[in-house]
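Colleague: Protein chains in written order, with the UniProt record's numbering: chain E, 1 to 181; chain D, 1 to 275. Structure incoming, see below.
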Amino acid sequence: MTSREHQVSLCNCVPLLRRLLCDAPWRKARPLHALSLFPSKMAEESQSVLQLPPSSAAGGEGLTDVSPETTTPEPPSSAAVSPGTEEPAGDTKKKIDILLKAVGDTPIMKTKKWAVERTRTIQGLIDFIKKFLKLVASEQLFIYVNQSFAPSPDQEVGTLYECFGSDGKLVLHYCKSQAWG
Amino acid sequence: MTDDKDVLRDVWFGRIPTCFTLCQDEITEREAEPYYLLLPRVSYLTLVTDKVKKHFQKVMRQEDISEIWFEYEGTPLKWHYPIGLLFDLLASSSALPWNITVHFKSFPEKDLLHCPSKDAIEAHFMSCMKEADALKHKSQVINEMQKKDHKQLWMGLQNDRFDQFWAINRKLMDYPAEENGFRYIPFRIYQTTTERPFIQKLFRPVAADGQLHTLGDLLKEVCPSAIDPEDGEKKNQVMIHGIEPMLETPLQWLSEHLSYPDNFLHISIIPQPTD
Numbered sequence: 001m002t003s004r005e006h007q008v009s010l011c012n013c014v015p016l017l018r019r020l021l022c023d024a025p026w027r028k029a030r031p032l033h034a035l036s037l038f039p040s041k042m043a044e045e046s047q048s049v050l051q052l053p054p055s056s057a058a059g060g061e062g063l064t065d066v067s068p069e070t071t072t073p074e075p076p077s078s079a080a081v082s083p084g085t086e087e088p089a090g091d092t093k094k095k096i097d098i099l100l101k102a103v104g105d106t107p108i109m110k111t112k113k114w115a116v117e118r119t120r121t122i123q124g125l126i127d128f129i130k131k132f133l134k135l136v137a138s139e140q141l142f143i144y145v146n147q148s149f150a151p152s153p154d155q156e157v158g159t160l161y162e163c164f165g166s167d168g169k170l171v172l173h174y175c176k177s178q179a180w181g
Numbered sequence: 001m002t003d004d005k006d007v008l009r010d011v012w013f014g015r016i017p018t019c020f021t022l023c024q025d026e027i028t029e030r031e032a033e034p035y036y037l038l039l040p041r042v043s044y045l046t047l048v049t050d051k052v053k054k055h056f057q058k059v060m061r062q063e064d065i066s067e068i069w070f071e072y073e074g075t076p077l078k079w080h081y082p083i084g085l086l087f088d089l090l091a092s093s094s095a096l097p098w099n100i101t102v103h104f105k106s107f108p109e110k111d112l113l114h115c116p117s118k119d120a121i122e123a124h125f126m127s128c129m130k131e132a133d134a135l136k137h138k139s140q141v142i143n144e145m146q147k148k149d150h151k152q153l154w155m156g157l158q159n160d161r162f163d164q165f166w167a168i169n170r171k172l173m174d175y176p177a178e179e180n181g182f183r184y185i186p187f188r189i190y191q192t193t194t195e196r197p198f199i200q201k202l203f204r205p206v207a208a209d210g211q212l213h214t215l216g217d218l219l220k221e222v223c224p225s226a227i228d229p230e231d232g233e234k235k236n237q238v239m240i241h242g243i244e245p246m247l248e249t250p251l252q253w254l255s256e257h258l259s260y261p262d263n264f265l266h267i268s269i270i271p272q273p274t275d
């Protein structure tokens, strides 16, 4: 499915999208169109994206609103969206908020705020941004934390959020060239 | 009595006797002899194995050679992990030498990052150092350094020059006089028994009451399964640089003396050997 068709199908989705709360201690207003990233590793399978709230308020870490997410992006290579599976309760499946900021003359993402699974890797995020920005696969994309270091491609965003997140989100800068060496 | 500074040298000069053997599946023009090498614990595989690569490429045809990668008992070895960490985590309970298998084809894309050049190793190394300083000093110390200081850190590691490296690295081990240590301790805890690659969290070296946190305090907080029950038998080893530091050791001291050159404490939790 092309990016274009993908975007069209998004417009046809039920407009009210609400995201599962990450374990931020407080809520903030979130853009209605903030979408979840689907895992790039499982692009071959039709990835279930419909999510139900976790069965327990995991560790009581301030989970308040756990509204279910209604429809959503399909994996790029499949046409059907399969019905949801329950999101397992437990840290590794909870999502964290990521705010993406463009550096230099890198194209700016229309949607900047994303709810991402903790186990998503930096490489997975890079692949997603490149597809979203319609960059060629051979073009490089660098991601920086704290505007100072580029984490390893196999680094999990959940760990980065734990160590470098603030105000309930992880801010990441992305750039087509090396910005901070 | 041993000076604390001697610990820094012992860590830097740690070596692992290794035997490299070419994978049976590789096509060779004549028999490939194994290659023996003492690997620096604190370095990275692709930085120190040029001679290994040359040795095996001598018996292979040009067209059969692509990117080199290493494997131990079926596990691909991540070049971006320090050598000492890989050994402690995967092979410390086995007899020496460490037997590593060398491959030139079928690169395992899902398990390993590519290492296109020495620049890639340098970039990775510097990024780890910057991440460590972000935790220790909010990046203030490393950002104040000039480009040539960063270069000196890398050259020191690449050329196995302890003095060259520590002339700059000692600045990263400092902290303000009014504090008792770093802001947070850069650490990663690895276990082969879990799904996640490693545990890394924010952890302060000093408690609110001014007491120094210990290695035991860290484990209790972020990896309680690693701590053996007091009355039970010892199930796990908590290993750094091939040794098991006492759990009472202050974490700040460990960070200053037992960190790898990237300024991280890479800690392995491994099952107690049964012999």
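Backbone N, C-alpha and C define an ideal beta-carbon position, used for all residues, glycine too.
Suppose the cutoff is 8 Å on Cβ atoms and the five residues either side in sequence are ignored; what does the same chain contact list for D/Tyr-72 look like?
Modeller: Locating residue 72 of chain D in the second sequence gives position 72, counting from the first residue. Closer than 8 Å at Cβ, skipping near neighbours: Leu-86, Leu-90, Ala-91, Trp-98, Asn-99, Ile-100 and Thr-101.
Colleague: Quick one, which residues of the region 130 to 147 of chain E are near chain D if we go by CB-CB under 8 Å, in chain order?
Modeller: Listed by position, the residues of the region 130 to 147 of chain E near chain D (Cβ gap below 8 Å) are Val-145 and Asn-146.
Colleague: Taking a contact to mean a Cβ-Cβ separation below 8 Å, would you say D/Ser-66 touches D/Phe-104 in this structure?
Modeller: For the purposes of this step, residue 66 of chain D is taken as residue 66 along the second sequence, with counting starting at 1. For the purposes of this step, residue 104 of chain D is taken as residue 104 along the second sequence, with counting starting at 1. Result yes, Cβ atoms of D/Ser-66 and D/Phe-104 sit closer than 8 Å.
Colleague: Kindly indicate which residue of D/Ser-255, D/Thr-28, D/His-213 and D/Ser-259 has the alpha-carbon position closest to the one of D/Lys-58.
Modeller: Mapped onto the second sequence, residue 58 of chain D falls at position 58. Measuring from the Cα of D/Lys-58, the nearest candidate turns out to be D/Thr-28.
Colleague: I'd like to know whether the C-beta of E/Pro-153 is nearer than 8 Å to at least one C-beta of chain D.
Modeller: For the purposes of this step, residue 153 of chain E is taken as residue 153 along the first sequence, with counting starting at 1. Judged by the 8 Å Cβ criterion, E/Pro-153 is in contact with chain D.
Colleague: Output the distance between the C-alpha atoms of D/Leu-135 and D/Asp-149, rounded to the nearest integer angstrom.
Modeller: Sequence index remark: in the second sequence, residue 135 of chain D carries index 135 (1-based). Sequence index remark: in the second sequence, residue 149 of chain D carries index 149 (1-based). For D/Leu-135 and D/Asp-149, the distance between alpha carbons rounds to 20 Å.
Colleague: Touch check for the region 248 to 264 of chain D and the region 215 to 230 of chain D: three-plus C-beta pairs under 8 Å?
Modeller: The region 248 to 264 of chain D, when compared against the region 215 to 230 of chain D, does touch it at the 8 Å Cβ threshold.
Colleague: Who pairs with D/Trp-98 in a beta bridge, going by DSSP?
Modeller: Counting from 1 along the second sequence, the entry for residue 98 of chain D is found at position 98. In the DSSP output, where bridge partners are listed per residue, D/Trp-98 has D/Thr-18.
Colleague: State the Cα-Cα distance for the pair D/Lys-138 and D/Tyr-184, rounded to the nearest angstrom.
Modeller: By 1-based counting over the second sequence, the position of residue 138 of chain D is 138. By 1-based counting over the second sequence, the position of residue 184 of chain D is 184. When rounded, the distance between both Cα atoms is 9 Å.
Colleague: Enumerate in chain order the residues of its own chain whose CB-to-CB distance from E/Leu-170 is below 8 Å, with the five nearest sequence positions on each side excluded.
Modeller: Translated into the one-based positions of the first sequence, residue 170 of chain E becomes position 170. Correct list, in chain order: Ile-96, Asp-97, Ile-98, Leu-99, Val-145, Val-157, Leu-160, Tyr-161 and Phe-164.
Colleague: By Cβ distance below 6 Å, which residues in the same chain neighbour D/Pro-186 in space, the five residues on each side in sequence not counted?
Modeller: Counting from 1 along the second sequence, the entry for residue 186 of chain D is found at position 186. So the qualifying residues of the chain are Ala-132, Leu-135, Asn-263 and Phe-264.
Colleague: Indicate the three-state DSSP secondary structure (helix, strand or coil) for D/Met-239 in the structure shown.
Modeller: The count along the second sequence starts at 1 and reaches residue 239 of chain D at position 239. Looking at D/Met-239 - three-state DSSP - the assignment turns out to be strand.
Colleague: Step through the CB atoms of chain E and report whether any lies within less than 8 Å of the CB of D/Leu-258.
Modeller: In the second sequence, the residue the question calls residue 258 of chain D occupies position 258. No, D/Leu-258 lies away from the interface with chain E (no Cβ there is under 8 Å from its Cβ).
Colleague: Which of the three DSSP states is assigned to D/Ile-270 in this structure?
Modeller: The residue given as residue 270 of chain D occupies position 270 in the second sequence. Correct three-state label for D/Ile-270: strand.
Colleague: Please decide whether E/Glu-117 counts as near chain D, where near means a Cβ-Cβ distance under 8 Å.
Modeller: Here residue 117 of chain E refers to the residue found at position 117 when the first sequence is read from its first residue. By this cut-off, E/Glu-117 is not an interface position.
Colleague: Let me check understanding here. Comparing Cα to Cα, which of D/Gly-210, D/Glu-109 and D/Arg-30 lies closest to E/Pro-153?
Modeller: Residue 153 of chain E sits at position 153 when you count from the first residue of the first sequence. Of the candidates D/Gly-210, D/Glu-109 and D/Arg-30, the one whose C-alpha sits nearest the C-alpha of E/Pro-153 is D/Glu-109.
Colleague: Evaluate D/Gly-84 with the Cβ neighbour count: other Cβ atoms within 10 Å of its Cβ, from every protein chain shown; 16 or more gives buried, anything less gives exposed.
Modeller: Walking along the second sequence from the start, residue 84 of chain D turns up at place 84. Buried is the call here.
Colleague: Give the list of continuous alpha helix (DSSP H) stretches no shorter than 4 residues that lie fully inside the region 204 to 269 of chain D.
Modeller: Listed in chain order, they are 215 to 222 and 251 to 257.
Colleague: Using DSSP with H/G/I as helix, E/B as strand and the rest coil, what is D/Trp-69?
Modeller: The sequence position of residue 69 of chain D within the second sequence is 69, counting from 1. If DSSP states are grouped into helix, strand and coil, D/Trp-69 belongs with the strands.
Colleague: Quick one: give me the first and last residue of the alpha helix (DSSP H) that D/Asp-163 is part of.
Modeller: Counting from one through the second sequence, the residue named residue 163 of chain D turns up at place 163. D/Asp-163 -> alpha helix (DSSP H) spans 162 to 172.
Colleague: Among residues of its own chain, excluding the 5 on either side of D/Ala-207, which ones have a beta-carbon nearer than 7 Å to its beta-carbon?
Modeller: The sequence position of residue 207 of chain D within the second sequence is 207, counting from 1. These residues qualify, in order along the chain: His-213.
Colleague: Relative to the alpha-carbon of D/Tyr-36, which residue among D/Thr-49, D/Ser-43 and D/Met-173 has its alpha-carbon at the smallest distance?
Modeller: Looking up residue 36 of chain D in the second sequence gives position 36. Here the closest residue by C-alpha is D/Thr-49.
Colleague: For a cutoff of 8 Å on Cβ pairs, would you count D/His-241 as touching chain E?
Modeller: By 1-based counting over the second sequence, the position of residue 241 of chain D is 241. No, no contact with chain E.
Colleague: How about D/Pro-82 and D/Ser-43: do their beta carbons lie closer than 8 Å?
Modeller: Numbered from its first residue, the second sequence carries residue 82 of chain D at position 82. Numbered from its first residue, the second sequence carries residue 43 of chain D at position 43. It is a contact, given that the beta carbons lie within the stated cut-off.
Colleague: For E/Lys-101, tell me which candidate among E/Leu-172, E/Ser-177 and E/Ala-179 has the shortest Cα-Cα distance.
Modeller: The sequence position of residue 101 of chain E within the first sequence is 101, counting from 1. If we check each option's Cα against that of E/Lys-101, E/Leu-172 comes out closest.
Colleague: What's the C-alpha gap between D/Leu-77 and D/His-114?
Modeller: Here residue 77 of chain D refers to the residue found at position 77 of the second sequence. Here residue 114 of chain D refers to the residue found at position 114 of the second sequence. Cα to Cα, D/Leu-77 sits roughly 12 Å from D/His-114.
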